[in-house]
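In what follows, a structure is listed as structure tokens, so that the remarks can point back to it.
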Amino acid sequence: MNKLIGLFVLCIALSACYENTSTKNVNERPNIVFIITDDHAYQALSAYDDKLIETPHIDRLAREGMLFKKAYVTNSICSPSRAVALTGKFSHLNSVRDNLDVFDTTQVTFPKLLQKEGYETAIYGKWHLKSRPKGFDYWEVLPDQGHYYHPELLTPNGEIKTLGYVTDVITDKAIFYLDSLRDTSKPFMLMYNHKAPHRQWWPSMHDLEDFKFKKIPVPETLFDSYKTKSKASVEAEMRIADHMALSADNKIALEILEKLNYEEFLDWYEGAYKERFARLNAEEKEQWQKVYGPINDDFLKNSPKGQALTLWKYQRYMEDYLGVIKSVDRNIGRLLDYLDANELTENTMVVYTSDQGFFLGEHGWFDKRFMYEESFRTPLLIRYPNKIQRASLNDELVQNIDFAPTVLDVAGIAIPEDMQGKSLVPLFEGDTSNWRNALYYHYYEYPGIHMVKRHYGVRTDRYKLIHFYYDTEAWEMYDLKEDPQELNNIYDDPKYKTIQADMHKRLNELRLQYKDASDSLNQEWIDKDIERLKSLGWY
Ligand code: SGN
Ligand code: CA
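Structure below.
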């Protein structure tokens, strides 16, 4: 009799259990929070490297999830990267090769597919794709690059003005969506995209004093002379020494620059600083001057020149860049706390990435665009307690074409065959079989700001081959194991003859695989290039 009762109780328990899991599968499809910051270098994220800054809140995602050591983009610039993330396709197939292209919103994107399959979708913050967002139930996005202080936002009902600092504003919007707008009967996908830490690096009032006058370590290659590199490096206009504006970027008053005869810098972004300063309210202006006044005084007193000036500019650049990251970190913390407090942590995949990496003085540069590691690589941290063990590390070659397939896979939605990336889900569980062994890259925005020549290339675990083309013809190859800083171009070095041939073969294979034949110019692109030259006043 006791046995019978026991069996009965067990049956009831099992059926309850079964019912629970099956309802869970239907009602509790995972939520997704997808965070893309703008120009956040992995060198300035302490889960990767803590020599410049501590980012304890973003690091939580690494502690509680997976850190991807080799995450890369396909085209290191903003709009193209965002188009790749949405479509899972390379630039030559997704309508956005550079920041001037308009995103074709008739394309299939992962938010549209999620929406079709019953997800609620929302985007707050940076969009930068020119056309209006499609595939989102809720959206409020920055027009173009947007502003750091009191930013305007585009909404389905027109432009609105907000009060506050951009990273706080975007977070307030995202949390308000989660708390008050969302339909709790549906799983959600929230894209929460920051403007920060994009140029011209205006920190929030909370972080103005952080890093100021603190000695920031200088990269070994700040004075790189590009000895073995092609002229693409020499001719790029993104050197801290020559192309970073003492006025707009380093925030030195034009009057001081005039007084000290820093004439070469006066035509650079003249007025940009004043325009941004004019956006602050009276109290902010006062606080700002308290911090930047002494910096200006110091500059006036010491008026550095030559290498000392480059070192000074590097220091100033980092003070502001790292200050801006502080606000990103704090706000990511707020969002993660919200998820905790509302029991959303367990069933939400949180992705943290940037639209690309950034040079923090390496090779003397700021900005990105090149296929060299600092700009080609990007941070990628994913927390998803259902599938990813805490503190996992991944060493495979992953790329932003993988984002769309990954989100769809996690949501249990079929991945369209023409998406070119691969779902990262097997990697979450440690299955690295059948993973790719090479990455393809293609950058197009030339001629254009910073003048980085068009190039494409391949990177394997150890080697990288790059072809610069258009108004130049040059190859570079690097052995990343022997030369992680990419200082020694080994193209045509007889020692690497076989490897070079193999890299060429890999490159051709990838160009075929990804259907890219676009270094041979077609008329449509030539016409667009002429338009671009005209818009720059160069034609
Ligand atoms: C602006 C910046 C450039 C930057 C591009 C693209 N100049 O033009 O330095 O490369 O954006 O950046 S600024 O003085 O106006 O800030 S991207 O991240 O959007 O691709
Ligand atoms: Ca960017």
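The number in this note's numbering is simply the position in the sequence shown, starting from 1, with 325 added.
Using N, Cα and C, we set each Cβ at its ideal position, and we do this for glycine too.
Note that the structure is predicted; figures quoted are calculated from it, not measured.
Sort LEU503, GLY737, GLU583 by Cα distance to LEU664 and report the nearest one. Nearest C-alpha to LEU664: LEU503.
What separation, rounded to the nearest whole angstrom, lies between the Cα atoms of TYR423 and PRO704? A quick correction: the sequence has Asp, not Tyr, at residue 423. Taking C-alpha positions only, ASP423 is separated from PRO704 by approximately 21 Å.
Determine the DSSP secondary structure at GLU699, reduced to helix, strand or coil. Collapsing the DSSP output to three states places GLU699 in a helix.
Burial state of ALA396 (16 or more Cβ within 10 Å): Per the 10 Å Cβ criterion, buried.
Do three or more CB pairs link the segment 768-778 to the segment 741-760 at distances below 8 Å? Flag = no, the segment 768-778 and the segment 741-760 do not touch.
Given ASP289 as reference, the closest of GLU811, ASP827, ILE738 once Cα atoms are compared: Past the edges of the chain, shown from 326 to 864, lies residue 289, and the structure says nothing about it.
If I measure Cβ to Cβ from ALA338 and keep anything under 7 Å in the same chain, skipping five residues before and after, which residues do I get? Low confidence applies here, because ALA338 scores a pLDDT of 44, under 50, leaving its location unreliable and the question unanswered by this model.
Assuming ARG354 and ALA736 are in contact, meaning their beta carbons sit under 8 Å apart, how far apart are those beta carbons, in whole angstroms? Their Cβ separation, rounded to whole angstroms, is 6 Å, which keeps ARG354 and ALA736 in contact under 8 Å.
Could you please give the first and the last residue of the uninterrupted alpha helix (DSSP H) stretch that includes ILE865? Missing from the structure shown is residue 865; the chain here goes from 326 to 864 and no further.
State buried or exposed for ILE791, treating a residue as buried only when at least 16 other CB atoms are found within 10 Å of its CB. For ILE791, the number of other beta carbons within 10 angstroms of its own is at least 16, and it is reported as buried.
Where SER505 falls: helix, strand or coil (DSSP): Here SER505 sits in helix by DSSP.
Ignore the nearest five residues each way along the sequence and tell me which others in LEU835's own chain have a CB closer than 7 Å to its CB. Beyond the five residues adjoining it in sequence on each side, LEU835 comes within less than 7 Å, by CB distance, of ALA763, TYR765, VAL783 in the same chain, given in chain order.
Rounded to whole angstroms, what's the CA-CA distance from LYS349 to GLN745? Just pull it up for me. For LYS349, the pLDDT reaches just 41, beneath the cut-off of 50, and the residue's location in the model is therefore unreliable, although a value from the coordinates is still provided. Rounded to the nearest whole angstrom, the C-alpha separation of LYS349 and GLN745 is 31 Å.
Please check the pair PHE683 and ASP364, which I expect to be a contact at CB under 8 Å, by giving their CB distance rounded to whole angstroms. Taking a contact as a CB-CB distance under 8 Å, the pair PHE683 and ASP364 counts as one, their CB atoms being some 5 Å apart.
Helix, strand or coil: which one does DSSP assign to GLU560? In the structure shown, GLU560 sits in a helix (DSSP, three-state: H, G or I).
Given a cut-off of 7 Å on the beta-carbon distance, is the pair LEU515 and VAL750 in contact? No. Outside cutoff.
Boundaries of the alpha helix (DSSP H) in which ARG407 is found, first to last residue: The continuous alpha helix (DSSP H) containing ARG407 extends over residues 403-412.
When you get a sec, list the residues whose CB is within less than 5 Å of any heavy atom of ligand 2, chain order please. Any residue whose Cβ sits closer than 5 Å to a heavy atom of ligand 2 makes the list: ASP363, ASP364, CYS403, ASP680.
Is LYS455 closer than 7 Å to VAL491 when the C-beta atoms are compared? In this structure, the beta-carbon distance from VAL491 to LYS455 does not fall below 7 Å.
Which of helix, strand or coil DSSP assigns to THR635: For THR635, the three-state secondary structure derived from DSSP is helix.
Is ASN575 near ligand 1, in the sense that its beta carbon is under 6 Å from a heavy atom of that ligand? Not so, every heavy atom of ligand 1 lies at least 6 Å from the Cβ.
Just the C-alpha distance for SER416 and ALA410, rounded to the nearest angstrom, thanks. Going by the C-alpha atoms only, they are around 10 Å apart.
If you measure between the beta carbons of TYR768 and ASN400, is that distance less than 7 Å? The answer is yes: Cβ separation under 7 Å.
So for ASN762, helix, strand or coil by DSSP? In the three-state scheme derived from DSSP, where H, G and I count as helix and E and B as strand, ASN762 is classed as coil.
Report the residue from ASN725, ILE815, TYR803 whose alpha carbon sits nearest the alpha carbon of ILE361. Measuring C-alpha to C-alpha distances from ILE361 to each of ASN725, ILE815, TYR803 identifies ASN725 as the nearest.
Taking all protein chains shown into account, decide if SER347 is buried (16 or more other Cβ within 10 angstroms of its Cβ) or exposed. For SER347, the predicted structure reports a pLDDT of 35, less than 50, and the residue's modelled location is therefore unreliable. A value from the coordinates is still provided. The residue in question, SER347, is exposed, as its Cβ has fewer than 16 Cβ neighbours within 10 Å.
Please go through the same chain and pick out, in chain order, the residues whose beta-carbon is closer than 6 Å to the beta-carbon of PRO772, but skip the five residues on each side of it. Once the five neighbours on either side are set aside, PRO772 has no close Cβ partner at all.
By the 10 Å Cβ neighbour count, where 16 or more other Cβ atoms means buried, how is LEU370 classified, buried or exposed? Buried, because 16 or more other Cβ atoms sit within 10 Å of the Cβ of LEU370.
If we ignore side chains and look at the alpha-carbon of each, how far apart do ILE740 and LEU706 end up? When rounded, the distance between both Cα atoms is 22 Å.
Could you spell out the range, first to last residue, of the beta strand (DSSP E) harbouring PHE513? Counting along the chain, the beta strand (DSSP E) containing PHE513 begins and ends at 513-518.
Span of the beta strand (DSSP E) holding GLY450? DSSP places GLY450 in the uninterrupted beta strand (DSSP E) bounded by 445-450.
Determine the extent of the alpha helix (DSSP H) in which HIS792 is found, giving its start and end residues. Element bounds for HIS792: not the alpha helix (DSSP H) but the beta strand (DSSP E), 788-793.
On the criterion of 16 or more Cβ atoms from any shown chain inside 10 Å, does ARG694 qualify as buried, or is it exposed? By the neighbour-count rule (16 or more Cβ atoms within 10 Å), ARG694 is buried.
Consider the C-beta atom of ARG524 and the heavy atoms of ligand 1; say whether any pair is separated by less than 6 Å. Flag set: Cβ of ARG524 near ligand 1.
Express the C-alpha separation of LYS552 and THR731 in angstroms, rounding to a whole number. For THR731 and LYS552, the distance between alpha carbons rounds to 41 Å.
Quick one: does ASP818 have its CB under 7 Å from some CB of chain D? Among the protein chains of the structure shown there is no chain D, as only one such chain exists.
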